[in-house]
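Visitor: Below: one structure in structure tokens.
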Amino acid sequence: MSDLVHLVIPCYRESARIGAFLPELCREMSALGGVTIMVVEDGSDAEEVVKMGAVIEALRTEYACLLALKSLSNNLGKGGAVYSGWAEPGEADWLAFVDADGACSPVEVARLIQMKSAGRALFASRVKMLGRRVDRLFKRHLLGRIYATLVSELLDVPVYDSQCGLKIVPRLAFEGIASRLQVRGFAFDVELMVALLDTGCEIQEVPIDWHEVEGGKVHLLRDSWRMAGDVLKIRARRSCWKMPL
Ligand SMILES: Nc1nc2c(ncn2[C@@H]2O[C@H](COP(=O)(O)OP(=O)(O)OP(=O)(O)O)[C@@H](O)[C@H]2O)c(=O)[nH]1
Ligand SMILES: [Mg+2]
């Protein structure tokens with residue numbers, strides 16, 4: 032088993048925000064070694080694709096860990112972009128994603144990657160606790176807690192934060208469930224979580240440092256509503272899954 036990690040950054044109109052994050056992430060990942068980074072962008076306009084391509088090509092002259100931009104013409108949603116990147120893992124045995132806004136710092140990305148151990152997925156988690164720093168707008172924190180409680184109760188999973196934008200999954204475990212995954216929007220990680228658990232893959236939540244970055248794409252009312260609907264669909268479908276353990 033290789034220890035290589037394929038890290039995808041899903042992007043929708045992120046050329047401005049990623050400029051502050053990607054160079055430092057490339058630095059950190061190339062110092063760590065064994066990581067490829069792929070930016071997957073879907074359905075942004077032509078001007079945005081050119082801007083993003085320029086940011087990436089400039090960095091690629093310096094960092095071999097950064098792969099060419101994967102640009103898709105149709106908007107697939109955050110989950111669709113992550114899965115599209117994970118479909119090209121190269122030799123990696125680990126699949127990961129991180130949000131483009133830098134809310135999880137490159138140092139935290141490296142810390143999570145270093146914690147991986149055979150057969151276990153790691154989900155970063157925004158836990159306000161002593162010893163960690165989570166700076167989040169109150170209304171986002173509150174809605175996030177309501178959503179997380181809903182996910183936990185409706186799906187009967189003792190998860191604290193299913194939505195944090197940093198996760199790492201064993202490739203084999205993902206490939207065993209990939210064909211059953213249907214959610215491509217912001218709730219894709221909820222479906223990913225229950226599918227992994229239902230096939231016997233262990234998941235550990237890891238409290239991380241996290242800070243709110245302006246320009247978020249999640250629309251609090253519209254997307255929360257859709258995401259709640261997705262949880263109900265996942266619950267209904269899950270009861271039909273016939274998965275070998
Ligand atoms: N490729 C792709 N990426 C998307 C899409 N929607 C959101 N993303 C990415 O998903 C990631 C998370 O979005 P954010 O804007 O950070 O979400 P947020 O509103 O800040 O929410 P939190 O970070 O959870 O507080 C970012 O990297 C976005 O660019 C999409 O339709 N396609
Ligand atoms: Mg964010």
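Residue numbering for the sequence shown is 32 to 276, as defined by this note's numbering.
Each residue gets a CB set at the ideal place from its N, CA and C atoms; glycine is no exception.
(1) Assign I239 to buried or exposed, taking buried as 16 or more other Cβ atoms, counted over all protein chains shown, within 10 Å of its Cβ.
(2) Starting from F169, follow the alpha helix (DSSP H) in both directions and report where the run begins and ends.
(3) Pick out whichever of F205, A141, L186 has its Cα sitting closest to the Cα of P120.
(4) So who's on the other strand from H37, going by DSSP bridges?
(5) Taking 7 Å as the cut-off, is the beta-carbon of A218 closer than that to any non-hydrogen atom of ligand 1?
(6) Which runs of the alpha helix (DSSP H) at least 4 residues long sit entirely within the segment 91-149? Give them in chain order.
(7) Which value, in whole angstroms, describes the spacing of the CA atoms of L276 and E93?
(8) Taking all protein chains shown into account, decide if L168 is buried (16 or more other Cβ within 10 angstroms of its Cβ) or exposed.
(9) When you get a sec, list the residues whose CB is within less than 6 Å of any heavy atom of ligand 1, chain order please.
(10) Once DSSP output is grouped into helix, strand and coil, what is the label at I199?
(11) Shortest alpha-carbon distance to A218 belongs to which of I234, V39, L107, G64?
(12) Under the criterion of a Cβ to heavy atom distance below 7 Å, does V39 qualify as lining ligand 2?
(13) Cutting at 7 Å between CB atoms, please list the residues of its own chain near H242, excluding the five before and the five after it.
(14) Can you tell me which of D229, G207, A123, K109 puts its alpha carbon nearest to the alpha carbon of L197?
(15) Grab the span of the alpha helix (DSSP H) containing V221 for me, first residue to last.
(16) DSSP three-state label for D261, please.
(17) So if DSSP puts P238 in a beta bridge, which residue, or which two residues, is it bridged to?
(18) With H, G and I counted as helix, E and B as strand and the rest as coil, what does DSSP make of V165?
(19) Relative to ligand 2, is the shortest distance from any of its heavy atoms to the C-beta of V244 smaller than 7 Å?
(20) Once you ignore the five residues that flank A179 on each side, which residues in its own chain have a CB closer than 6 Å to its CB?
Guide: Taking the geometry as given:
(1) Locating residue 239 in the sequence shown gives position 208, counting from the first residue. With 16 or more other Cβ atoms within 10 Å, it is buried.
(2) Position 138 of the sequence shown holds residue 169. Element bounds for F169: 169-186.
(3) The residue you call residue 120 lines up with position 89 of the sequence shown. When each option's Cα is compared against that of P120, the closest is F205.
(4) The sequence position of residue 37 within the sequence shown is 6, counting from 1. For H37, which the question treats as bridged, DSSP gives the partners T67, L126.
(5) Indexing the sequence shown from 1 puts residue 218 at position 187. No - ligand 1 has no heavy atom lying nearer than 7 Å to the Cβ of A218.
(6) 109-117, 137-145
(7) Residue mapping note: residue 276 aligns to position 245 of the sequence shown, counting from 1. Residue mapping note: residue 93 aligns to position 62 of the sequence shown, counting from 1. Caution is warranted here: a pLDDT of 43 is assigned to L276, below 50, making its placement in the model unreliable, and the coordinate value is therefore given only provisionally. Cα to Cα, L276 sits roughly 45 Å from E93.
(8) For the purposes of this step, residue 168 is taken as residue 137 along the sequence shown, with counting starting at 1. L168 should be labelled exposed.
(9) P41, C42, Y43, E45, V71, E72, D73, N106, G108, K109, A112, D130, A131, D132, A134, R171, Q194, G196, G247, K248, V249
(10) Indexing the sequence shown from 1 puts residue 199 at position 168. Strand.
(11) For the purposes of this step, residue 218 is taken as the residue at position 187 of the sequence shown. When only C-alpha atoms are compared, the closest one is L107.
(12) By 1-based counting over the sequence shown, the position of residue 39 is 8. Not under cutoff, so the answer is no.
(13) Working through the sequence shown from its first residue, we reach residue 242 at position 211. Contacts found: A134, D166.
(14) Taking the first residue of the sequence shown as position 1, residue 197 is located at position 166. Comparing Cα positions, the closest option is K109.
(15) Here residue 221 refers to the residue found at position 190 of the sequence shown. 219-229 is the span of the alpha helix (DSSP H), which, as asked, contains V221.
(16) Against the sequence shown, residue 261 aligns to sequence position 230. DSSP places D261 in helix when its eight states are reduced to three.
(17) Looking up residue 238 in the sequence shown gives position 207. Answer is S156, bridged to P238.
(18) If you number the sequence shown from 1, residue 165 lands on position 134. If DSSP states are grouped into helix, strand and coil, V165 belongs with the strands.
(19) Here residue 244 refers to the residue found at position 213 when the sequence shown is read from its first residue. Yes - ligand 2 has a heavy atom lying nearer than 7 Å to the Cβ of V244.
(20) Counted from its first residue, the sequence shown places residue 179 at position 148. Taken in chain order, the residues that qualify are D192.
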